[in-house]
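Visitor:
Written out as structure tokens, the structure reads:
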């Protein structure tokens, strides 16, 4: 098995690779190739990983490359974890919209929009190369906004793509902890879009324990989150708070250090640690980097697609009728039964009316964002932001869009 | 023909009745019965109308009543123009949401929501009486929020109901003026919800003159409205500005005298004029009362339903597939071909994506509002406001809802 | 205005041209170009038409051509009335399926299927030429099976195409006669597919007189047709009898002279008459040629598309939501409001359940037939026939298909 | 756990009960109550079963009753296996339609229609009693036509109902044998209606082995069945042959002994055997009774609904969006993931076009049949048969319907 990691120079890569320590012996020979455009960083991470692998006694052949075609050659799985413009660009997502009183965040709202516009052209290019070099490989997308990127991939390319998020696996763990069982025993009746999803029911070993576990989870969340839970009768994705607890979250975001800056600092610290040739295991500090359980989610997915395990995983896939009120060809985040070639969606049916409008308008925003990026359309970009529930106003959307265009400079397609 | 006017004591009634001066001779004998719960006001309006009718030489038998059953007896058409709580209650709609920086207005947003909650139970009661007393009568609803009230009627009662708004007829006149033709020569490719609608194309004598007439109409509108037109490529309902020009409109509404207060003053002036027994024609001052061309729209509709004329009229009716992306049984505002028993919807198809989310989320808000009122559900009321693009935030929605409940007192159903 | 008639050498053309005698003065200068691959026949018809035009005093410039590109140049309307393989091939449609006890007929069932397979490639070629030479022309298709041909045109080409059938205009006349009014006063609530349609309601001057007129029309039809009417509560297209009165119709078809042979005889007679240089008006015998009121339907349509008149006409167009239970992009036969650039479908909504299966399975047959022809697919051809309610059996379908392939020889695409 | 078996006096019951020998120790205490209207037969079966249970050493408390209410009391599962009118009535299903050259069979076509009309009123009555006596029990329906009966139950009652057929489990076994694995390792991508279903893909331990296993299964089937497989690229339910191999199957049915008569004979033989008080295990002869693996399917289902096992089972459930081209509230036969309270449909999406018409028209037939039975409507009964692909003709449908009404006498609702 060959796994290619696009953006492999990330300080997060050790977390990802560690996940393979559990399965290398079942899929051997296993080769992992790290690709990055930043050679210096890539080298540091690569050298450190060699030491980690050696210490773990894992038979993993590790390669590194700065050439996309070489890195993709013979790949069975491509993991996409690039960040276009790096955390410097992310800082724009977190600050520009805030000037207008609107959430700044790398995936939701205007920040996520900017991130999408920077990222879509680059990922599209990578996918075109995959079509050419390794057309039967699975592309697992981690790059945010993951739902939008996956929808672009499935609408505009032939690459077999899945969007992955760590929220579902963390929810599963949360409810497993509350029920005092292992995560495997928990099944979530879960639906929505990436970062706009709900848990409708929680099953433990097949038993519907929603009522009891929602009562328990109420104790772990803020008053505001409890209000959401109590009124929609579903457990909301944390990101839902950016919508339904808008004022509180904007305040919070305004007064907290920017995540981009934090991450820049953490990354710099981590790279220094990685350089230490005596270090041969994941340093404690890496947990501050975020992305809890991403490695677990990725390895679960690769295991299922390789036939090592079977069961439902919550991933971003084409709707194709799973949610009746959303377009047939758009991307949704739902449970899918996976086992090697099996890929069986779970029927959600009609959206619960209490949240139907929110999901339909964000889906409209997402489709318009993709079209804006692929067609370089200013009008579609403006209408995308206008359709977003966090903005709604076209005059406000225009101010933010013009500012994003000016600050994102060449990262953006030239919108006309 | 018998026409019953529910809320007939309105100072606006002379405008409505005047419309019948054009058709009485084609439908005679014509009886019009005015119903109102305010006897004093009803008497003043009634006496004045008798003089108007006499002067006009119209053979119209005018009655007044404060008894619903009596007023409905043998009616062919029932016109509903009540305002539950009067303009005093409307003042709440215009002021309470504004405290929270949100539009206050009798039909759109939180103001319209409060109006709906006050009005639905009363109109439902009237409709149940119509089912009993005059089941084959048409109910023409003017009462705002007209789309919501009509959807409630069509979902919860058997009354043949049509929702009417004066926006479409004014648009038709606007484009007729621009094209220098008579309104009959203009056909609008128009769709949406009441007060959330767009003109997609304008045809003059069958010719598609959209491009030219949109260029002309651009000169008549504000810079902000022009921005909407240019970006959605459709001519927006004035009320769209409450969404897409949110900040500007909120500022405007904040600093303008409240419409409810204006109307209270106008009504008082008008009633004084009406009392003057020498007055026997519509006073100039009535035009300040608003509702331009409502009388024309109503008489057109009654003419068509009576078989006096035929053609497309833009009204609020059940969707039944006209707009693919909205529920089959919800109410939409679209062109319908009318001639006596004919009632033929015009196919809109899929919503233009640039405005799809806005329309879908407002439709979600509307359905939840009706359910909240009919089921007295606090949760649904809260989710209705949360789904509304002008609010979006649940914490904000809660503040506004609690304030509306407290200020609207017994006008509201008891939400639990 | 230029009208190009593809298949202009038909003996039927005089009927068509006569229709223009009513409107030439409103659209002048009017040029009509007849195209045919049979020069001899074309010349006879052409010469005769020149005399007819002269006698009528119509200012119509008549041309003839055997070159498609020349004939299409500058055309505003293209009328397609070709018959691929002529009546000799039609004879196969009428005889081959009958060998297997199945209806033989040029439009319905296996006969219509064979006709479609012969015709689709040729009409596709013509349409590609129209795209090139006169892309803004309207293509009015008379060629059977008209619904299938029109769906192919709208799915695979960019030509503005409308399918026309004379059934709706004859129904309108029938009910007008029964109601003793002029056809313009009758509106039919009509829906379905070409040759598989129903009249749900009949309106006379806007009044719903369905009940009374269905009682009257009952007297004019056979016992069997009355059975259909009484059980579906809708007036069926004559062709519905091929489905619902299958045995009777097959018997009838078996024992009647074949229509193809009749038409061959009529055509020969007509051409002899046309050759008579003293003949300058439509001979009586032409009425035996069939196609009553086709000329009226065509001229009505051209008049509406030119802006000379307005109103509903029943034509074959893309569904786009008009009938909820059929694919969005398939072709249906429904009322459309036409006036120059206006083209406004009428909403049918969900199909009446009593006939839903019949219409859905014939639509499936139609789509498969088009795909079979365009993709030269034997499997799709076989499944098309298997899906047809007149066949249903795959073993039966295979026998018929193999026989049709063998007898139609090079007229068929090579199915693999 | 209490299981009530309605129609428990069937000679088939020993087969069913034997299934519980595998699970009684996991669900104990287990009580099984047999209900039947034929006391004599019930007693024979009951006594024999007591001996079987004893020999097996199973701790199962067995009861018998002729009182519905008593039998249902405290039931957790109700198994419905009644046959209204017994095999005498079934004989009508197998012979009456054949007089008209149309398949006679207890579930498909006109025979299944008659069976539905006899059965629906009786099962409706049972369900109403379940609503009253044991509202939280699951009703597992074996009674044919199982899809129609289940749809009636889910549309007209509140009983939690599942329709079960032994075809899916036999398919699973068939492909497991071909792949030389155990049935648990096979997953079928399966969809359709009861007795009108297809296997789209076969997965073995998650691997898509459709191609190879279809090649293998081709060797096991008749030439005609192979033709279906090859042309639809899906493995068809045996009953599909009644449609696609119509002529062959009608001939076969004509010349074979009637199944009803065979079963009458087998039943008589079996009852004689059961009477032998020395018999305490399932006699060999029972296998001739048919219904292979029904017991396995039932026990699997009960095990899953009780939480003893989990996984996909193919059952008849409400569509709710699983198949896009069929009504939302109709019943379909698809894989559902079951584990105690979990009940998660698998998304089928749009129907493959090659069989779309067949499935849509049979679904129309099914819905009309249910409405005909519940509303006692002759017109709907006639249109149901007319919509069925095996009949299609209304004149033919009328002959068959009138004959069925006359021969089924009081078993039918009085159609008006």
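Chains as they are written, first to last, in the working numbering: chain G, 48 to 463; chain C, 48 to 463; chain U, 48 to 463; chain R, 48 to 463.
For every residue, glycine included, the Cβ atom is placed at its ideal position computed from N, Cα and C.
1. Check whether the Cβ of residue 441 (chain G) lies closer than 8 Å to any Cβ atom in chain C.
2. Of the residues U:240, U:353, U:302 and U:284, which one's Cα is nearest the Cα of residue 408 (chain U)?
3. So, residue 50 (chain U) versus residue 124 (chain U), is the Cβ gap smaller than 8 Å?
4. Identify each residue in the segment 387 to 402 of chain C for which the Cβ-Cβ distance to at least one residue of chain U is less than 8 Å, and report them in chain order.
5. Return the first residue and the last residue of the beta strand (DSSP E) that residue 203 (chain U) is part of.
6. Does the beta-carbon of residue 391 (chain G) have 16 or more other beta-carbons within 10 angstroms, so that it is buried, or is it exposed?
7. Measuring CA to CA, which of U:423, U:201 and U:194 is closest to residue 175 (chain U)?
8. Under 8 Å Cβ to Cβ from residue 480 (chain C), same chain only, skipping five residues before and after it: list those, please.
9. Chain D beta carbons: is any one of them nearer than 8 Å to that of residue 255 (chain C)?
10. Give me the chain R residues within the contact set of residue 252 (chain G), using Cβ-Cβ distance strictly less than 8 Å, ordered along the chain.
11. Taking 8 Å as the CB-CB cut-off, is residue 156 (chain G) touching chain C?
12. Here's the rule: buried if 16 or more other CB atoms are within 10 angstroms of the residue's CB, otherwise exposed. What is residue 321 (chain G)?
13. If the criterion is Cβ atoms closer than 8 Å, does the pair residue 233 (chain G) and residue 447 (chain G) meet it?
14. Does any CB atom of chain R fall closer than 8 Å to the CB of residue 284 (chain U)?
15. Does the beta carbon of residue 436 (chain C) come closer than 8 Å to any beta carbon on chain G?
16. In the structure shown, what three-state DSSP assignment does residue 209 (chain C) receive?
17. Look up residue 383 (chain C) in the DSSP assignment and say whether it is helix, strand or coil.
18. For residue 305 (chain R) and residue 323 (chain R), I'd like the C-alpha separation in whole angstroms.
19. What runs of the alpha helix (DSSP H), each 4 residues or longer, lie entirely inside the segment 349 to 406 of chain U?
20. Does DSSP put residue 53 (chain R) in a helix, a strand or coil?
21. Tell me, to the nearest whole angstrom, how far the beta carbon of residue 186 (chain U) is from that of residue 205 (chain U); I am working on the premise that it is less than 8 Å.
22. With three or more C-beta pairs closer than 8 Å as the rule, is the segment 162 to 171 of chain R touching the segment 413 to 420 of chain R?
23. Along chain R, in chain order, which residues have C-beta atoms closer than 9 Å to that of residue 371 (chain G)?
24. Could you check which residue in U:197, U:137 and U:245 has the C-alpha nearest to that of residue 218 (chain U)?
25. Please classify residue 284 (chain G) as buried or exposed, where buried requires at least 16 other C-beta atoms within 10 Å of its C-beta.
26. Among U:444, U:68 and U:463, which residue has its Cα nearest to the Cα of residue 346 (chain U)?
27. Taking only three categories from DSSP, how would you classify residue 111 (chain R)?
28. Would the segment 250 to 257 of chain U and the segment 220 to 235 of chain U be scored as touching if the rule is three or more Cβ pairs under 8 Å?
29. How far does the beta strand (DSSP E) with residue 246 (chain G) in it reach, from first residue to last?
30. So which residues on chain U does residue 331 (chain C) lean against when the C-beta distance must stay under 7 Å?
31. Which partner residues does residue 483 (chain R) have in the DSSP bridge list?
32. Do residue 362 (chain C) and residue 395 (chain C) come within 8 Å of each other at the CB atom, strictly closer than that value?
33. I think residue 150 (chain R) touches residue 296 (chain R), with their Cβ atoms under 8 Å apart; what is that distance to the nearest whole Å?
34. Looking only at its chain, what residues have a beta carbon closer than 7 Å to the beta carbon of residue 403 (chain U), apart from the 5 residues adjacent to it on each side?
35. Which residue marks the beginning of the beta strand (DSSP E) containing residue 236 (chain R), and which one marks its end?
36. Helix or strand or just coil, what does DSSP make of residue 323 (chain U)?
Guide: In this structure, then:
1. yes
2. U:240
3. yes
4. 387, 388, 389, 391, 392, 393, 394, 395, 396 and 397
5. No beta strand (DSSP E) contains residue 203 (chain U), which is instead part of the alpha helix (DSSP H) from 193 to 203.
6. buried
7. U:201
8. Since the first and last residues shown for chain C are 48 and 463, residue 480 (chain C) lies out of range.
9. The structure shown contains no chain D; its protein chains are G, C, U and R.
10. 354, 386 and 387
11. no
12. buried
13. no
14. no
15. yes
16. strand
17. strand
18. 28 Å
19. none
20. strand
21. 11 Å between Cβ atoms; not a contact.
22. yes
23. 367, 368, 371 and 375
24. U:245
25. buried
26. U:68
27. strand
28. yes
29. 243 to 251
30. Simply none; closest approach about 38 Å.
31. Given a span of 48 to 463 for chain R in the structure shown, any question on residue 483 (chain R) remains unanswerable.
32. no
33. 6 Å
34. 372
35. 233 to 240
36. coil
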